[in-house]
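To keep things clear, I will list the structure first and then write my remarks on it.
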Amino acid sequence: MTDALKAPAPGDPSVQAVGQVLQALGADVEHGLTSQEAARRLVEHGRNELRGVPAVATWRRLLAQFQDPLVYLLLAAIGIALGAWAIEGFAGWPLDALVIAAVVLLNGVLGFVQQAKAANAVAALARMTAVTSAVVRDGHALRVPSVELVPGDLLVLGEGDAVGADARLLEASSLRVLEASLTGESEAVLKDAATLPAPAALGDRLDMVFKGTAIAQGTGRAVVTATGMHTELGAIAGMLDATVEAPTPLGIEVARIGRMLGIAVLAIAAVVVAMILLIADIRTAADVVAVLLLGVSLAVAAVPEGLPAILSVVLAMGVQRMAKHNAIVKKLSSVETLGAASVICTDKTGTLTRAEMTIERVVTASGSTRITGAGYAPTGRVEHQGAELQAGPLRDEQTVVLAGGSLAGDAQLRQDEDGAWLIHGDPTEAAFLVAERKMGLTAHRVQRFERIAAIPFTSERKMMSTIERDHAHDDEVVLVAKGAPDVLLARCTRVRVGRDVIALDAAMRARIVADVDALSDAALRTLAVAYRPLTALEQASAMDTVEGLDALEHELVFVGTVGIIDPPRAEAAVAIREAQRAGIRVIMITGDHPRTAARIAADLGIVAPGATALTGLELDRLDAAAFAEAVRRTAVFARVAPAHKLRIVAALQADGNVVAMTGDGVNDAPALKAADIGVAMGITGTEVSREAARMILVDDNFATIVEAVREGRGIFDSIRKALRYLLSSNMGEVLTVFLGVVGAGVLGLVGAQGAVVLPLLATQILWINLVTDSGPALAMGVDPPTDDVMARNPRGRSERVIDARMWSGVLQIGLVMALATLLTIDILLPGGMIEGRHDLATARTAGFTALVLAQLFNCFNARSDRRSAFSHLFVNRWLWAAIALSVALQVAVVHLGFLNLAFGTVPLALDQWLLCAAMASLVLWYSELRKLVIRRVRVK
């Protein structure tokens, strides 16, 4: 071994001879690295882990919760309120400032706690996936944490091992590797240590194993060629670092609303103050201060300070509901983002399918059968022409196929303590064990046969055989073979028909080939089963050597062929139909074979039967315009690389789509991060994909995504309800003061010497803000949907939370609210349009009360912009409780002496309360009339 490290080997080790790779790495094929050399290389190259995102200090994560335009607006409102309190000589408590500060703090804490919960859940998943690797060091085999592997380490690979680093194979015996997480290939890849003649795509580098994959079958030895960020996994992680995470649609909208409201608040306050200064008889500095305080009160009143808290509470409740559906949401706003999704790009293997190879069809000489059930749970039956297979020649043939396939394999099937069925070994071999159990053959087969020897599967032979002793037939010895149909058929001279064995003539051989082609055309992987009894002479002469065993694999009896598939999840098909009903386009993007991808897509209803997939190679030949058009027209992409997935997501977003991307593999991670919301799998998902995603499905259930869409749409509706309520109510306050000042002479709001009298006091405006912007607004945020949210098309990326129609409604309701308030004052006050008989204090108290009650009536209006307020009137008990509390507080501020002094109110008589309620209800009746007109126009 050289003292100076020469690793890693330059160029592509897959096309370099083993000796050249070993020399470049300074590796010892017999004894491995010494402990000292391994430690030195670990210091030089660093730990074998991907570059992580630097940990963010707790105080920074907490501070980040307040970096929001709406929060900035509220902080400004707090400053203004405190300034007004100072001008008044610090009299009493600055209640409004304290309430707004509490709201801001609550909003920050909710967001911080939720992100901490999500981070802890992700960390727990990461700890579950920590792996070790078997290596040779100092001439001894031992297991070390995979993060301590270094270039030049000698890996020992066995079934069930996770491959800890990229490595060049030195030897391989029936070595099959599951590379779905890296390449998207659903089947285990058969590896071969022979040097490749030319550079190949990642999935075709048969003499290499890669970090993040797993050994499904066989054994091997390999020398580590790359670790950490220098691995293929690291290359994808680097691509991930370069991918910019898109802001959520809700985040963009909230920022826009914050900016818009900030400008509006300043404009409203300035206009009202200027109007009062121009019209009113301002004579002293105290008058100026009073007007400025009113302007401050209006500015604070116009700010919907309840909105950030409502957003946080609504989103947090959505997160909690999603947690019950086994989904971890890493960021609050991500829940709503799925509700806006117009496209779901989904991986196939493990996401739409079960990642559990299953025998679906069995074809023998007497016909074909279909095996029901999917996955490793042995529930299902064997059917012929729609009915359960009965005794007869066909059943006899099927029995031999499934029992024979189970004998000629090394996989194991077992049930754990929780009742779940698990496999160990090659998933394809396990498929025979599951199908055999469905026929009830396992116990009899285990008792009847005893393995004597095995001829392993190799890439050259493309078959595996075992020698079995048949205890049911006087310990007769039989060879059982399983392999590629064309290879096995070439070694067969006879065929099994029922319990008989007949010669395999040309017609029967052609029929078998046609059966195999039909299974392949159905995107099924095919394996055939054959056997033959061995004579005593063959046993004696051939059992001692591998070459002798190989010589036995001829003149076989062909039994039948099975069609195997990684079956689609049943719940995925239902979820896809629901997504399509909601106007969401579902696109499959996979690294798997095009024919398999198209078949699964057709089974799930993503495309029509017979549709084809577009491959990565075909995409590479397209220019930018053709690529964009292909993405618009195609629903299935196969044999694609991570770069293709990124381009597809970008093309969809460029067309104005909100893109959700699901996936479980490392190869999905860059696209997961680039999408508007990435959804990773918690069980089959890699740590890299979970880090890149904004949502993690703990149970890997695709149907949870549709539940999240439903939840997201409901959340969006709740946010719009809260905004509709808050803005229209606040508009009512602003217009009441503005119109009261402008029309003071008409309304009789004139004091001594013609001075303008304000319709509401500053303290009363702040009280209204406190009573109606808190409880009722929060209750509005948890109001259940008023219609079937999944019956709508997704909202466009350019669609605003507050659109023109909502602004129109806000202005109209605010105006009606203001007119009702001012008319109540006019009815009671002398000198206006309607001659009243009460003093200013009584009239102002009545107007104040009418405005509060009008805002409470507005709670019912705001639940929908089309449906009647009387539809599903009692479904939200929290709203009724909030309204009852608000009414009680208003009664208190009108009738309790110490509150009368604080807020300038006087007690009202019963008839005056009834007048206030009647005038306030005008808001409800006007809204009902408006909605009726909207519904009729829509019908026409």
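Residue 489 in the working numbering sits at position 489 of the sequence shown, and the numbers go up by one each step.
Even glycine gets a Cβ: it sits at the ideal position worked out from N, Cα and C.
At what residues does the beta strand (DSSP E) containing L142 begin and finish?
From DSSP, the beta strand (DSSP E) with L142 extends over 140-145.
For A38, which of D12, D153, L105 has the nearest alpha-carbon?
Among D12, D153, L105, the Cα nearest to that of A38 belongs to D153.
Please name the residue in L278, A327, A235 whose C-alpha comes closest to that of A703.
The shortest C-alpha separation from A703 is found at A327.
Curious, which full-length alpha helix (DSSP H) runs of at least 4 residues does the region 696-747 contain?
DSSP runs (the alpha helix (DSSP H)) wholly in the region 696-747: 703-742, 744-747.
Please tell me whether G404 and V559 are closer than 9 Å, where the distance is taken between their beta carbons.
Yes, the Cβ-Cβ distance between G404 and V559 is below 9 Å.
Considering only residues of the region 751-825, which uninterrupted alpha helix (DSSP H) runs meet the minimum length of 4 residues and lie entirely inside it, listed in chain order?
As far as the region 751-825 is concerned, its whole alpha helix (DSSP H) runs of at least 4 residues are 762-772, 775-781.
Is G405 helix, strand or coil when you go by DSSP?
It is helical.
Keeping to the same chain, check which residues put their C-beta closer than 8 Å to that of R577; ignore five residues upstream and five downstream.
For R577, where only same-chain residues beyond five positions count, the Cβ hits under 8 Å are G605.
For the beta strand (DSSP E) containing G663, list its first residue and its last residue.
From DSSP, the beta strand (DSSP E) with G663 extends over 659-663.
Just curious, the alpha helix (DSSP H) that E360 is in, first and last residue?
Here E360 belongs to no alpha helix (DSSP H); instead the beta strand (DSSP E) covers 358-364.
Pick out whichever of G748, S927, T763 has its Cα sitting closest to the Cα of E733.
Among G748, S927, T763, the Cα nearest to that of E733 is on T763.
Let's see if you can read the secondary structure: which residues bound the beta strand (DSSP E) around I423?
Start and end: 421-424.
Given the structure, does A365 come close to the ligand ZN, in the sense that its CB is under 8 Å from one of the ligand's heavy atoms?
In terms of ligand content, the structure shown is empty, and the ligand ZN therefore cannot be addressed.
Please report how far the alpha carbon of L760 lies from the alpha carbon of A651, in whole angstroms.
Approximately 55 Å between the Cα atoms of the pair.
Tell me whether the region 706-720 and the region 778-787 touch, counting them as touching only if at least three CB pairs, one residue from each stretch, are closer than 8 Å.
Yes, they touch.
If we call anything under 9 Å between Cβ atoms a contact, is L815 one with M731?
Cβ atoms of L815 and M731: closer than 9 Å.
I need the boundaries of the beta strand (DSSP E) containing M463, first residue and last residue.
Counting along the chain, the beta strand (DSSP E) containing M463 begins and ends at 463-470.
Buried or exposed: M833, going by 16 or more other Cβ atoms within 10 Å of its Cβ?
Per the 10 Å Cβ criterion, exposed.
Any chance the region 551-566 sits against the region 340-360, with 3 or more Cβ pairs inside 8 Å?
Yes, the region 551-566 is in contact with the region 340-360.
Are there 16 or more other CB atoms within 10 angstroms of the CB of K324, so buried, or fewer, so exposed?
With fewer than 16 Cβ atoms within 10 Å of its Cβ, K324 is classed as exposed.
Does the distance from the C-beta atom of S729 to that of Q812 stay below 9 Å?
Result no, Cβ atoms of S729 and Q812 do not sit closer than 9 Å.
Tell me which residue opens and which closes the alpha helix (DSSP H) that E629 is part of.
Here the alpha helix (DSSP H) through E629 covers 624-633.
Do you know how far the Cα of D192 is from the Cα of D171?
Inspection of the sequence shows that residue 171 is occupied by Glu rather than by Asp. So the alpha carbons of these two residues sit roughly 8 Å apart.
Within the chosen definition, does the region 408-425 reach the region 475-482 through at least 3 CB pairs nearer than 8 Å?
With a cut-off of 8 Å, the region 475-482 and the region 408-425 count as touching, because enough Cβ pairs lie within range.
Do you know offhand how far R143's Cα is from V189's?
So the two alpha carbons sit approximately 25 Å from each other.
Quick one: grab the DSSP three-state call for A431.
DSSP places A431 in helix when its eight states are reduced to three.
Give the straight-line distance between the Cα atoms of E538 and H444, rounded to the nearest whole angstrom.
Roughly 27 Å separates the two Cα atoms.
Taking three-plus beta-carbon pairs below 8 Å as touching, is the region 791-805 in contact with the region 907-919?
Cβ pair count under 8 Å is below three, so no.
Could you give the first and the last residue of the continuous alpha helix (DSSP H) run that contains E578?
Start and end: 570-581.
Can you tell which of A573, L672, T346 has its C-alpha closest to the C-alpha of S689?
It is L672 whose Cα lies nearest to the Cα of S689.
Take the Cβ of D166 as the centre, count every other Cβ of all protein chains shown within 10 Å, and call the residue buried at 16 or more, exposed below.
The residue in question, D166, is buried, as its Cβ has 16 or more Cβ neighbours within 10 Å.
Could you check if W925 is buried or exposed, using at least 16 other CB atoms within 10 Å of its CB as the buried criterion?
Burial call: exposed.
Counting C-beta neighbours from all protein chains within 10 Å, is the total for R710 16 or more, i.e. buried, or is it exposed?
So R710 ends up on the buried side.
Per DSSP, which one or two residues make a beta bridge with T615?
Paired residue(s): A638.
How long is the line joining the alpha carbons of H895 and V750, rounded to whole angstroms?
If you take the alpha carbons of H895 and V750, they lie about 26 Å apart.
Using three-state DSSP, classify H473 as helix, strand or coil.
In the structure shown, H473 sits in a helix (DSSP, three-state: H, G or I).
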